[in-house]
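Here the structure comes first, spelled out in structure tokens, and everything after it is commentary.
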Amino acid sequence: MHPELIKLEKTFSPSILTKIDDPLLASQRIELWMKRDDLLHPVISGNKWRKLKYIIDHALSLSADTLVSMGGAYSNHLHALAYVGKVLGLKTIGLVRGEQPPMLTPTLRDMQAWGMALKFVSRSDYRLLRHYKSWHDLPGLKPGQYWLPEGGAQRLALKGVAELVAEIDLRYDTICLPCGTGTTLAGIVEPAPEQVSVLGFAALKNAGFLAADVAALLPQCRNNWQINLDYPFGGFAKTNTELTAFIEDFELKTRIPLEPVYTGKMMYALYDLIKKHHFKPGTRIITIHTGGLQGKRH
Ligand SMILES: *Cc1c(COP(=O)(O)O)cnc(C)c1O
2 MHPELIKLEK
12 TFSPSILTKI
22 DDPLLASQRI
32 ELWMKRDDLL
42 HPVISGNKWR
52 KLKYIIDHAL
62 SLSADTLVSM
72 GGAYSNHLHA
82 LAYVGKVLGL
92 KTIGLVRGEQ
102 PPMLTPTLRD
112 MQAWGMALKF
122 VSRSDYRLLR
132 HYKSWHDLPG
142 LKPGQYWLPE
152 GGAQRLALKG
162 VAELVAEIDL
172 RYDTICLPCG
182 TGTTLAGIVE
192 PAPEQVSVLG
202 FAALKNAGFL
212 AADVAALLPQ
222 CRNNWQINLD
232 YPFGGFAKTN
242 TELTAFIEDF
252 ELKTRIPLEP
262 VYTGKMMYAL
272 YDLIKKHHFK
282 PGTRIITIHT
292 GGLQGKRH
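Taking my numbering, the leading residue of the sequence shown gets 2, the next gets one more, and so forth.
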């Protein structure tokens, strides 16, 4: 790995595994642990570092000087990329979905302050950008520019996510995580121990396409995983009072902050499934806190 990346990673905090205690869990004889990838770094959101690490290493090995990627106005992916670019002295360009808002979101303001050039693209053009999946694919890319598809959905992302699985020194039955593009899930499916089932929760509605996207990222067919589509709460980044109340209650009881876009929805869904006896008594579940807390600011 590039020495600059090793140096950056040395500044990270460990992603600890914490046991969650709750009367509901005790009554159902479910043991629940959370892997705190949100603690890795105050800015570079948990799973975003896992996914970016080897992609950026590849870009550096090609002597790229500019990282180009796409995302929404609250994108944790672009936010992490802008920060990493600043630290490594690489230029960054963010293709942002939709028209430029009259007031930049806190996420966009950070990105700009870290030197990312923001280019706003119409929703229809944004959808077309999703066709370009490989680092050299984007039309009009100049020499030295390296393209990252939405959410860093590239094979190389899986290698970094696998390190998360290797850090878990506990036997477990199920591992749960929220899904946007499903790339993090794909990275967990590969190295997960054989008897473990991987359960993703879609943050988007109508996310039926996700299973095919995940399968396309996996080097071989695996059947140890599934994606639950039942808890989108009306759609990506939408919320309601029930979800907000759940998150507040969870934070109060555990002192672990959640955000409503990914981890909050996943934990709500997981508790709901536990209440409905979805898991056998004695099941040990590990959830991944994928970070993303910066998106909570408005
Ligand atoms: C981006 C993100 C996800 C989704 O990750 P994918 O690999 O795209 O499925 C989940 N949680 C948080 C906090 C994120 O920022």
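Even glycine gets a Cβ: it sits at the ideal position worked out from N, Cα and C.
Ranked by Cα distance from VAL88, the first of LYS281, ALA208, LEU9 is LEU9. At least one heavy atom of ligand 1 sits closer than 7 Å to the Cβ of HIS78. A contact is defined here as three or more CB-CB pairs under 8 Å, and the stretch 63-80 fails this definition with respect to the stretch 214-224. For the 8 Å CB-CB criterion, TYR84 and ILE45 form a contact. Shown here for ASN241: same chain residues with a beta carbon closer than 8 Å to its own, the five before and five after excluded, namely PHE234, GLY235 in chain order.
Rounded to whole angstroms, the gap between the alpha carbons of TYR232 and TYR269 is 8 Å. Between the alpha carbons of ILE176 and ASN229 lies a distance of about 13 Å.
ARG285 and LEU200 have their C-alpha atoms some 13 Å from each other. CYS177 has its Cβ no nearer than 7 Å to any heavy atom of ligand 1.
Proximity of the stretch 7-27 to the stretch 243-250 falls short of the contact definition, fewer than three beta-carbon pairs being nearer than 8 Å.
Within the model, the alpha-carbon separation for PRO103 versus LEU109 is close to 12 Å. Note that the C-beta distance between LEU294 and LYS266 is not below 8 Å. The beta carbons of LEU149 and LEU41 sit no closer together than 8 Å.
Three or more Cβ pairs drawn from the stretch 163-171 and the stretch 186-204 lie within less than 8 Å of each other, which places the two stretches in contact. If you look at PHE202, you'll find it in the beta strand (DSSP E) that goes 198-203. In the DSSP assignment, no residue is bridged to HIS42. With respect to the 8 Å criterion, THR255 and LEU271 are not classified as neighbours on the basis of their beta carbons.
Runs of the alpha helix (DSSP H) spanning 4 or more residues and lying entirely within the stretch 113-172 occur at 124-130, 156-167, in chain order.
With respect to the 8 Å criterion, VAL97 and LEU119 are classified as neighbours on the basis of their beta carbons. THR93 sits away from GLY73, with the two beta carbons spaced by 8 Å or more.
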